[in-house]
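Taking it in order: structure first as C-alpha cells, then the write-up.
2 protein chains.
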Amino acid sequence: MTTKVSAPRGISTQSRLLAEQLRQSLLDGAFAAGSRLNEVHLARTLSVSRTPLRAALQTLAGEGLLHHVPNRGFTVPEQSLSAIIDAFEMRALAEGLSARLAAERGMSEDLRRRLEAALLAGDEALSSETDDGERRTRYAEANEAFHGAIHEAAQSPLIRDVLRMCQRVPQASAHNIVAFDIADMRQRNAAHRRIYEAIICREPREAEQQMRQHVLAVKVSMARWYAQRMNSQPAPEPNPHPALDHRTPVDPAAT
Amino acid sequence: MTTKVSAPRGISTQSRLLAEQLRQSLLDGAFAAGSRLNEVHLARTLSVSRTPLRAALQTLAGEGLLHHVPNRGFTVPEQSLSAIIDAFEMRALAEGLSARLAAERGMSEDLRRRLEAALLAGDEALSSETDDGERRTRYAEANEAFHGAIHEAAQSPLIRDVLRMCQRVPQASAHNIVAFDIADMRQRNAAHRRIYEAIICREPREAEQQMRQHVLAVKVSMARWYAQRMNSQPAPEPNPHPALDHRTPVDPAAT
DNA sequence: CAATGAATTAATGTATACACTTTGATGATT
DNA sequence: AATCATCAAAGTGTATACATTAATTCATTG
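For the protein sequence lines, the chains are D and W, in the order given.
Residues 3 to 257 in my numbering are what the first sequence spells out, letter by letter.
Residues 3 to 257 in my numbering are what the second sequence spells out, letter by letter.
Below is the structure:
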C-alpha cells in the first residue's frame with residue numbers, strides 16, 4: 003500500500019546490492035551452516051520483495067555459496083574439514099598461477115605501488131604496539147590488499163572467479179587470519195616479500211613456487227588452530243556476528 | 003487461455019531444466035559470443051514465462067557462463083585467446099589436484115571399473131575403423147567418462163565446481179576434442195593409461211604430475227589448431243543450434 | 001545539414017497473486 | 001497405543017502486471 007516508488011534507487015539494482023550484502027554475511031559466517039533461508043521471512047526482514055531476493059539467492063547459489071534443492075529452497079552448505087583442506091590446496095594452486103601470470107605479464111606502475119604499500123602496511127601492523135585484535139585487523143587488510151593486487155595483475159577473470167570460489171569456504175578466505183599468532187604473521191609477511199621480489203624480477207616459476215608454499219603454510223596454521231579448537235571447544239558455533247542472527251536485519255544501516 | 007497447469011511437471015523445476023538446457027547450448031557455442039539475450043523473445047521461443055527463465059539466467063551468470071549488466075540484461079561473454087590459455091592452465095592444475103586426491107583417497111570398486119571401461123572405450127574408438135566423425139564422438143565420450151570418474155573419486159565439490167568453471171570457456175572443455183587428429187588421440191589415450199596406473203598404485207605425486215602434463219598437452223593441440231583455423235578461416239561462425247537462433251544482432255558499432 | 005533533445009518504443013527490474021509441493025498435525029481405524 | 005490417511009499450514013515455483021531504465025525516432029533549432 004505504500005507508493006510504488008518507495009525507495010530511492012541508486013545506480014545499481016536491488017538484486018545486486020542484496021547479493022553483495024548477503025555474500026558478505028555468508029563469508030563472515032553470519033548464517034549457521036546447514037540452516038535454511040526462509041524467503042518470505044528474509045524478504046520482510048530486508049524490506050524487499052521476494053523477486054529481487056530470489057535473484058540474489060540464485061546468483062549466490064551459482065557461486066556455490068548456497069545450496070538449492072528444488073522444492074525445499076536455499077540452505078547454507080556445511081563444510082567438512084576435508085572440504086576446508088581441499089579449498090586450501092586449490093587456492094594454493096590458483097594463487098600460484100596468479101602470481102606466475104603476474105610475473106609473466108608484469109605489473110603496472112599503479113599496481114606495483116599498491117603491492118609495495120600493502121607490504122609496508124603489513125610491516126607496520128606487525129611493528130606497531132596496538133592490542134592484538136587491532137593488529138590482526140590491520141594485518142588482514144594488508145594481506146588482502148597484497149593478494150588482491152596480484153590477482154589484478156594476473157588479468158584473468160577465470161582465476162579471479164576460481165579464487166572467489168575457493169573462498170566460499172570462509173575458513174580458506176584471504177581475510178581470515180584468526181588462526182595466526184604473531185610469529186605466524188611475521189613468517190607470512192616475509193613470504194610476501196619473497197613473492198614480491200620474484201614478481202618484480204619477472205621470475206614466473208619462482209613466484210608461483212613461493213606463492214604456493216605461502217598458501218600451504220597458511221593451511222597448516224589453520225589446520226593446527228582447528229585441531230586445538232576442536233579439543234578445547236567441542237561445539238564449534240558459527241561466528242556470532244554483529245546483528246546477524248538470521249532473523250534480524252543484516253545491517254541496520256543498510257538501505 | 004490454457005489452464006494454469008499446462009505442462010506435465012516432472013520431479014524437477016522448469017528453472018532447473020532451463021538452466022541445464024541453456025548451459026548445454028552455451029557450451030556447444032550455440033549463442034554467438036558478445037550477443038545479447040532478449041528475455042521476452044527467449045521466453046516465447048522456449049514457451050515459458052520470464053520468471054523461471056530469469057532464474058536460470060541468474061544461475062548461469064553466477065557460474066560465469068553469462069555476463070549481466072544491471073539494466074542491460076544478459077550477454078554471452080567473449081573469450082580472448084589468453085582467456086582460453088588461462089583456462090587450460092587452471093584446468094591442468096585442478097585436474098592434477100583431482101588426480102592426486104583420487105590417488106590419496108583411493109577408488110571404490112565401482113569407480114575403478116568405470117575408469118577401466120573408459121580406457122577400453124578409448125582403445126576401441128581408436129582401433130575401430132569407422133569414419134572420423136564417429137571416432138571423435140566416441141573418443142570424446144570415453145575421454146569425458148575417464149575424467150569424470152577421477153573427479154568423482156576426488157570427492158571434492160569445490161574442485162568439481164572449479165573444473166566446471168574452467169569449462170565455461172567452451173574451448174577448454176573436456177568434451178571438446180575437435181582439435182585432435184588421430185595421432186593426438188593415441189597420445190592422449192596413452193597418457194590416460196599412465197594416469198590410471200598412478201592412481202591405482204596410489205602414487206599421488208605421480209598422478210598429479212601426469213595429469214597436469216596431459217591437460218597441458220591438450221592445450222598445445224588446441225592452440226595449434228586455433229592458429230591454423232585463424233589463418234585459413236578468419237570468420238569462425240558459432241555452431242548453429244536447433245531452434246535457438248533467436249539472436250538479436252550484435253550492435254555493429256559496439257567495439 | 002548537423003546536432004541536440006523531447007517523445008516514443010522496447011527491454012529490464014520489481015511487486016504481487018496464485019498454483020504447487022512439502023510438512024506437520026489431527027483424527028480415524030486397526 | 002500405533003499406524004496411516006486426510007487435511008491444514010507454510011513455503012517455494014510461476015505467471016503476469018506494472019515501474020523504471022535504456023534505446024530509438026523524429027522534430028526542432030543553431
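Cβ coordinates follow ideal geometry from the N, Cα and C atoms, glycine included.
None of the values given here were measured: they were computed from a predicted structure.
Taking the Cβ atom as the reference point for each residue, do residue i and residue j lie within a distance shorter than 8 Å?
i	j	result
residue 194 of chain D	residue 121 of chain D	yes
residue 62 of chain W	residue 24 of chain W	yes
residue 213 of chain W	residue 101 of chain W	yes
residue 124 of chain W	residue 148 of chain W	yes
residue 97 of chain D	residue 167 of chain D	no
residue 109 of chain D	residue 117 of chain D	yes
residue 192 of chain W	residue 201 of chain W	no
residue 218 of chain W	residue 34 of chain W	no
residue 77 of chain D	residue 49 of chain D	no
residue 92 of chain W	residue 55 of chain D	no
residue 70 of chain W	residue 79 of chain W	no
residue 155 of chain W	residue 204 of chain W	no
residue 75 of chain W	residue 131 of chain W	no
residue 58 of chain W	residue 85 of chain W	no
residue 29 of chain D	residue 172 of chain D	yes
residue 230 of chain W	residue 60 of chain D	no
residue 140 of chain D	residue 119 of chain D	no
residue 39 of chain W	residue 170 of chain W	no
residue 158 of chain W	residue 88 of chain D	yes
residue 151 of chain W	residue 113 of chain W	yes
residue 129 of chain D	residue 182 of chain D	no
residue 72 of chain W	residue 53 of chain D	no
By DSSP's criteria, residue i is part of a beta bridge. Which residues make up the other side?
i	result
residue 75 of chain W	W/71
Helix, strand or coil, according to DSSP, for residue i in the structure here?
i	result
residue 38 of chain D	strand
residue 203 of chain D	coil
residue 213 of chain D	helix
residue 32 of chain W	coil
residue 148 of chain D	helix
residue 124 of chain W	helix
residue 16 of chain W	helix
residue 50 of chain D	coil
residue 173 of chain W	helix
residue 22 of chain W	helix
residue 132 of chain W	coil
residue 108 of chain W	coil
residue 64 of chain W	helix
residue 189 of chain D	helix
residue 230 of chain D	helix
residue 183 of chain W	coil
residue 91 of chain W	helix
residue 236 of chain W	Interpretation of residue 236 of chain W is limited by its pLDDT of 46, a score under 50 that renders its predicted location unreliable; the figure taken from the coordinates is listed afterwards. If DSSP states are grouped into helix, strand and coil, residue 236 of chain W belongs with coil.
residue 80 of chain W	coil
residue 158 of chain W	coil
Please confirm whether any heavy atom of the ligand SAM lies closer than 7 Å to the CB of residue i.
i	result
residue 34 of chain D	Of the ligands one can find in the structure shown there are none, so the ligand SAM has no counterpart to examine.
**Request:** Taking a Cβ distance cut-off of 9 Å, strictly less, list which residues of the segment 41-66 of chain W are near chain D, in chain order.
**Result:** 53, 56, 57, 58, 59, 60, 61, 62, 63, 64, 65 and 66
**Message:** Give me the subset of the segment 66-91 of chain W whose CB atoms are less than 7 Å from a CB atom of chain D, sorted by chain position.
**Reply:** 66, 72, 85, 88, 89 and 91
**Request:** Please list the residues of the segment 159-171 of chain W that have a C-beta atom closer than 9 Å to any C-beta atom in chain D, keeping them in chain order.
**Result:** Correct list: 159, 160, 161, 163, 164, 167, 168, 170 and 171.
**Prompt:** What residues in the segment 10-29 of chain W bring their beta carbon closer than 7 Å to a beta carbon of chain D?
**Reply:** 14, 15 and 18
**Item:** Interface residues of the segment 206-229 of chain W facing chain D [CB-CB below 9 Å]
**Value:** Within the segment 206-229 of chain W, contact with chain D at the beta-carbon level (separation under 9 Å) is assigned to no residue.
**Request:** Using a Cβ-Cβ cut-off of less than 8 Å, give me the residues of the segment 102-113 of chain W that come near chain D, in sequence order.
**Result:** 103
**Request:** Could you list the residues in the segment 186-197 of chain D with a C-beta less than 7 Å from some C-beta on chain W, going in chain order?
**Result:** none
**Message:** Along the segment 122-150 of chain W, where does the CB come closer than 9 Å to a CB of chain D? Name the residues.
**Reply:** none
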